[in-house]
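Note sheet for the following structure.
Residue numbers (the numbering used here): 97 to 307.
Listed below in structure tokens is the structure:
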């Protein structure tokens with residue numbers, strides 16, 4: 097019998113974001129590991145996510161893809177974890193969750209691919225420029241423990257993951273506001289547990305060598 101919640105991932109992917117969210121939620125789930133060159137592009141998984149990318153979850157027969165959507169979904173599906181503000185208090189929650197999933201990730205990707213929009217192109221590009229995105233992000237977290245309200249939420253999992261990775265790999269510059277925001281998030285039990293799981297899986301994959 098299939099588990100009620102199935103998590104499709106690869107430890108060397110954005111699946112690490114959802115792993116952290118699942119650890120914060122604390123819901124039992126089954127993890128199915130996929131390989132980039134084979135099972136991720138196989139017919140069985142393409143029936144779940146036609147993009148052939150991870151992560152994805154299937155919960156009680158319902159499929160959710162895209163990291164920000166999965167984080168928001170899990171916060172609502174498991175309300176006892178307290179990872180979503182009350183509906184009336186969700187303005188900043190939705191704003192920064194999807195800012196990080198949209199303009200921030202687009203701007204970073206464009207920069208990594210060597211594309212810097214010119215002034216006239218910035219009017220058409222949803223992210224404008226990487227500089228403007230980083231300024232907005234800095235303003236969102238400066239002097240705050242949490243990006244939306246006075247308690248930890250799914251928005252912190254997603255925004256925190258983007259800042260965490262960006263600082264680690266140099267795609268987001270080190271600034272005092274970013275360092276101060278991410279430091280306590282890295283001390284959370286859920287974050288540490290998720291990293292332990294994925295780091296162990298990565299070590300196993302590396303030890304096994306090419307398939």
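Even glycine gets a Cβ: it sits at the ideal position worked out from N, Cα and C.
This one's a predicted model, so the numbers in the text were calculated from it and none came from an experiment.
Reduced DSSP secondary structure (H/G/I, E/B, other) of residue i
{"i": "residue 103", "result": "strand"}
{"i": "residue 97", "result": "A caution first: residue 97 carries a pLDDT of 49, below 50, which makes its placement in the model unreliable, though a value can still be read off. Reduced to three states, the DSSP call for residue 97 is coil."}
{"i": "residue 241", "result": "coil"}
{"i": "residue 115", "result": "helix"}
{"i": "residue 188", "result": "helix"}
{"i": "residue 289", "result": "helix"}
{"i": "residue 268", "result": "coil"}
{"i": "residue 138", "result": "coil"}
{"i": "residue 132", "result": "coil"}
{"i": "residue 257", "result": "helix"}
{"i": "residue 304", "result": "helix"}
{"i": "residue 145", "result": "coil"}
Those residues which DSSP pairs with residue i across a bridge
{"i": "residue 154", "result": "102, 159"}
{"i": "residue 127", "result": "103"}
Outcome for residue i when other beta-carbon atoms lying within 10 angstroms are tallied against a minimum of 16
{"i": "residue 285", "result": "exposed"}
{"i": "residue 288", "result": "exposed"}
{"i": "residue 295", "result": "exposed"}
{"i": "residue 275", "result": "exposed"}
{"i": "residue 225", "result": "buried"}
{"i": "residue 149", "result": "buried"}
{"i": "residue 106", "result": "buried"}
{"i": "residue 136", "result": "buried"}
{"i": "residue 97", "result": "Summary for residue 97: the model assigns pLDDT 49, below 50, so the residue's position carries little reliability, and this model does not support an answer."}
{"i": "residue 223", "result": "buried"}
{"i": "residue 270", "result": "exposed"}
{"i": "residue 260", "result": "buried"}
Nearest residue (CA-CA) to residue i, options the options
{"i": "residue 192", "options": "157, 236, 163", "result": "236"}
{"i": "residue 158", "options": "190, 173, 147, 256", "result": "173"}
{"i": "residue 277", "options": "302, 301, 227, 243", "result": "243"}
{"i": "residue 207", "options": "114, 128, 267", "result": "267"}
{"i": "residue 310", "options": "196, 209, 176, 265", "result": "Since the first residue of the chain shown is 97 and the last is 307, residue 310 is not available in this structure."}
{"i": "residue 297", "options": "273, 141, 246, 109", "result": "109"}
{"i": "residue 101", "options": "269, 256, 128", "result": "128"}
{"i": "residue 246", "options": "130, 140, 189", "result": "189"}
{"i": "residue 205", "options": "262, 163, 179", "result": "262"}
Supposed contact pair residue j and residue i - C-beta distance, whole angstroms, cut 8 Å
{"i": "residue 152", "j": "residue 161", "result": "5 Å"}
{"i": "residue 170", "j": "residue 290", "result": "No, residue 170 and residue 290 are not in contact; Cβ-Cβ is about 13 Å, not under 8 Å."}
{"i": "residue 199", "j": "residue 229", "result": "5 Å"}
{"i": "residue 103", "j": "residue 121", "result": "That pair is no contact at about 11 Å."}
{"i": "residue 238", "j": "residue 273", "result": "4 Å"}
{"i": "residue 281", "j": "residue 256", "result": "4 Å"}
Residue-level contact to chain C via CB, residue i, 8 Å cutoff
{"i": "residue 296", "result": "Looking at the structure shown, chain C is missing, and only one protein chain is on hand."}
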